[in-house]
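This report refers to the structure that appears directly beneath it.
There are 2 protein chains.
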Amino acid sequence: MKILIVYAHPEPTSLNGSLKDLAVKVLKEEGHEVIVSDLYQMKWKAAADGDDFLSRGSERLSYIQDSKDAFLTGTLTADIQEEIRKLLWSDAVVFQFPLWWFSMPAILKGWFDRVYVNGFAYGIGEHGGDKWGDRYGEGKLLGRRAILSLTIGGREKHYSQRGINGFLDDLLFPIQHGILYYPGMTILEPFVIYQTNRLSQEGWEHHSQLFANRLRNLFNEKPIAYRKQNAGHYDGEQVLKPGLGQGMSGTSIHLLQPGEPREQF
Amino acid sequence: MKILIVYAHPEPTSLNGSLKDLAVKVLKEEGHEVIVSDLYQMKWKAAADGDDFLSRGSERLSYIQDSKDAFLTGTLTADIQEEIRKLLWSDAVVFQFPLWWFSMPAILKGWFDRVYVNGFAYGIGEHGGDKWGDRYGEGKLLGRRAILSLTIGGREKHYSQRGINGFLDDLLFPIQHGILYYPGMTILEPFVIYQTNRLSQEGWEHHSQLFANRLRNLFNEKPIAYRKQNAGHYDGEQVLKPGLGQGMSGTSIHLLQPGEPREQF
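For the record, the sequence lines run as chains B and X.
The first sequence runs 87 to 351 under this note's numbering.
The second sequence runs 87 to 351 under this note's numbering.
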């Protein structure tokens with residue numbers, strides 16, 4: 087299969103760098119084709135602006151409209167076009183990055199801001215009436231798997247269900263559901279290493295084996311059971327119907343519960 | 087009072103630009119001093135890397151350690167030092183930005199990644215035993231108010247408690263609690279305009295008046311009642327104690343409930 091690794095860390099000899107190298111090695115051993123987007127090495131432009139569109143004149147910038155026009159006419163800058171090509175080529179995408187301030191590093195956020203153009207990652211399908219586009223279970227990236235591989239400086243307990251930093255599942259919801267699931271990707275449970283500043287050699291050996299095993303099972307693992315938008319779970323205003331997700335609150339209501347059918351019509 | 091506006095939008099004539107201009111005008115009319123960090127106009131460097139530290143040699147980059155050393159020795163780059171100075175000068179900070187992919191634009195994330203250095207925004211106070219630093223209710227930015235002013239392309243219902251995109255309070259938790267509350271700021275309810283692509287002149291007049299009123303009451307509004315870390319609510323592992331936040335789940339357990347005392351000892 088074809089795997090894209092999007093990697094965001096400024097130091098090649100960092101833990102993140104080692105995990106990226108390990109991923110390349112393991113995935114190639116498994117017989118996959120692997121491409122790495124090393125955002126720091128590529129000096130990826132993080133800030134979305136009018137320079138992203140080759141044919142734009144001096145008129146007022148509308149990123150939504152201009153990105154759609156440029157996507158349709160092939161006038162996005164070469165760096166963006168290349169990343170779109172890699173995404174469409176891939177069967178799975180591994181995102182390797184440190185959790186900085188409860189989210190991804192700016193350079194990776196800028197990858198999504200710029201690559202996820204209108205007409206590609208959003209603005210797909212019918213919009214109107216009860217239909218709000220092909221998203222959350224549909225979209226141009228349907229059929230691809232995505233996994234976050236994260237390093238976290240803090241302790242696991244601080245990210246537990248009642249931990250001070252917030253539950254990791256909640257912190258990652260804007261990324262996993264909001265960014266990756268939106269254009270149709272299938273999301274696997276994240277791979278996480280905590281307390282990375284105190285990682286011993288034994289710790290590395292332990293975690294690197296766990297990571298390698300996750301990667302070997304990339305296409306067999308059961309994904310996170312997010313509900314599909316257009317499968318009867320949400321009403322015409324895209325609000326979860328009464329009776330679904332009861333007894334839960336917060337981001338977890340968007341997970342299919344045991345016994346609930348995938349299609350709810 | 088002294089107010090810092092951190093503004094992140096590439097188009098000066100955008101709705102975000104108009105809201106920023108309005109904020110400057112209203113806050114000055116109220117007699118406040120106002121400074122704007124216009125990140126796009128400043129060409130703010132978004133990606134955190136080794137170039138952020140003037141005295142660093144060629145050794146392996148450790149952003150955590152190197153940022154602390156550079157902060158203590160005054161060898162952060164001038165752009166970072168200037169933003170730290172503005173934060174310390176301020177009594178309140180207004181963040182004006184569009185919600186892109188359920189979070190802030192990369193250029194703004196890069197402002198936090200680079201300005202929030204070790205020894206300034208984190209790594210403050212005792213770490214050890216039951217004490218995990220001065221954060222969440224303590225820290226170097228204690229006493230300052232912070233408010234997010236957001237524009238959102240989608241519909242309000244899609245961001246409601248059971249809406250398809252996730253509840254806005256959950257989506258903003260990593261920013262409001264994780265980034266702003268962490269170093270001690272007091273967080274106000276966000277100001278939000280939805281469906282910004284369809285905003286009519288009447289809509290603008292309506293929302294700009296609401297925004298002006300929020301700004302006039304910046305120092306009178308009741309803030310979001312996040313629990314303090316070191317006030318007895320969390321146990322020695324920083325997990326919320328049994329009996330607190332019962333009947334709630336997700337990010338809302340970190341809000342003080344009616345009748346619960348601020349200090350829980």
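We put the CB at the ideal spot given by N, CA and C, even for glycine.
Cβ of residue i within 9 Å of any chain B Cβ
| i | result |
| --- | --- |
| Q324 (chain X) | yes |
| W218 (chain X) | yes |
| N198 (chain X) | The question names Asn, but residue 198 (chain X) is Phe in the sequence shown. Closer than 9 Å to some Cβ of chain B, the Cβ of F198 (chain X) qualifies, so yes. |
| F259 (chain X) | yes |
| R284 (chain X) | no |
| S104 (chain X) | no |
| H263 (chain X) | yes |
| H292 (chain X) | no |
| A109 (chain X) | no |
| P354 (chain X) | Here chain X comprises residues numbered 87 to 351, so residue 354 (chain X) is not present and cannot be evaluated. |
| D177 (chain X) | no |
| F253 (chain X) | yes |
| T99 (chain X) | yes |
Per DSSP, the bridge partner or partners of residue i
| i | result |
| --- | --- |
| E354 (chain X) | It is not possible to answer for residue 354 (chain X), since the shown part of chain X is limited to 87 through 351. |
| F277 (chain B) | B:S235 |
| A178 (chain B) | B:I89, B:R231 |
| K217 (chain X) | X:G214 |
| D124 (chain X) | X:Y93 |
| Y149 (chain X) | DSSP output for Y149 (chain X) lists no bridge partner at all. |
| N316 (chain B) | The partner list for N316 (chain B) (beta bridge, DSSP) is empty, contrary to what the question assumes. |
| N306 (chain X) | The partner list for N306 (chain X) (beta bridge, DSSP) is empty, contrary to what the question assumes. |
Chain X within 9 Å of residue i, Cβ atoms only
| i | result |
| --- | --- |
| D232 (chain B) | Residue 232 (chain B) is actually Ala in this sequence, not Asp. A232 (chain B) does not count as touching chain X. |
| A164 (chain B) | no |
| Y222 (chain B) | yes |
| K243 (chain B) | yes |
| L173 (chain B) | no |
| F157 (chain B) | no |
| G193 (chain B) | It should be pointed out that residue 193 (chain B) corresponds to Ile in this sequence rather than to Gly. It does; some Cβ of chain X falls within 9 Å. |
| F188 (chain B) | yes |
| G336 (chain B) | yes |
| S246 (chain B) | yes |
| R146 (chain B) | yes |
Under the three-state DSSP convention, the category residue i falls into
| i | result |
| --- | --- |
| F157 (chain B) | helix |
| F183 (chain X) | strand |
| T163 (chain X) | coil |
| Y222 (chain X) | coil |
| D321 (chain B) | coil |
| T299 (chain B) | The displayed chain sequence assigns Asn, not Thr, to residue 299 (chain B). If DSSP states are grouped into helix, strand and coil, N299 (chain B) belongs with the helices. |
| L266 (chain B) | helix |
| G337 (chain X) | Note on residue identity: the sequence assigns Thr, not Gly, to residue 337 (chain X). It is helical. |
| S189 (chain X) | strand |
| F198 (chain X) | helix |
| N283 (chain X) | helix |
| G249 (chain X) | strand |
| N102 (chain X) | helix |
| L140 (chain X) | coil |
| L326 (chain X) | strand |
Whether residue i touches residue j by CB criterion (9 Å)
| i | j | result |
| --- | --- | --- |
| G264 (chain B) | W187 (chain X) | yes |
| P269 (chain X) | Y208 (chain X) | yes |
| A156 (chain X) | Y126 (chain X) | no |
| E242 (chain X) | Q281 (chain X) | yes |
| L257 (chain B) | Y245 (chain B) | yes |
| D275 (chain B) | I310 (chain B) | Before going on, a small fix: residue 275 (chain B) reads as Glu here, not Asp. Cβ atoms of E275 (chain B) and I310 (chain B): closer than 9 Å. |
| Y202 (chain B) | N316 (chain B) | no |
| V41 (chain B) | I91 (chain B) | Chain B is shown from 87 up to 351; residue 41 (chain B) falls before or after that span and cannot be answered. |
| S335 (chain X) | G336 (chain B) | yes |
| S144 (chain X) | T159 (chain X) | no |
| G136 (chain B) | E97 (chain X) | yes |
| S153 (chain B) | D165 (chain B) | no |
| R248 (chain X) | V278 (chain B) | no |
| K88 (chain B) | W175 (chain B) | yes |
| G318 (chain X) | E349 (chain X) | yes |
| I190 (chain B) | L227 (chain B) | Note that residue 190 (chain B) corresponds to Met in the displayed sequence, not to Ile. No, they are not a contact pair. |
beta-carbon residue i near the ligand SAM non-hydrogen atom, thresh 8 Å
| i | result |
| --- | --- |
| D220 (chain B) | This structure lacks the ligand SAM, and indeed carries no ligand of any kind. |
Proximal chain A residues relative to residue i, where beta-carbon distance stays under 9 Å
| i | result |
| --- | --- |
| Q315 (chain X) | The structure shown contains no chain A; its protein chains are B and X. |
Across the segment 327-345 of chain B and the segment 97-114 of chain X, are there enough close Cβ pairs to call them in contact, namely three or more that are closer than 8 Å?
Verdict: no, contact absent.
Tell me whether the segment 216-236 of chain X and the segment 214-229 of chain B touch, counting them as touching only if at least three CB pairs, one residue from each stretch, are closer than 8 Å.
no
May I ask you to verify whether the segment 298-309 of chain B touches the segment 223-236 of chain B, counting CB pairs closer than 8 Å and requiring at least 3?
yes
Below 8 Å, how does it come out for the segment 277-297 of chain X and the segment 280-287 of chain B: are there three or more Cβ pairs, yes or no?
Two segments are said to touch when three or more pairs of C-beta atoms, one from each, lie closer than 8 Å; by this definition the segment 277-297 of chain X does not touch the segment 280-287 of chain B.
Contact between the segment 193-212 of chain B and the segment 119-136 of chain B (3+ Cβ pairs under 8 Å):
yes
The segment 171-179 of chain X contacting the segment 221-231 of chain X, beta-carbon criterion three pairs below 8 Å:
Cβ pair count under 8 Å is three or more, so yes.
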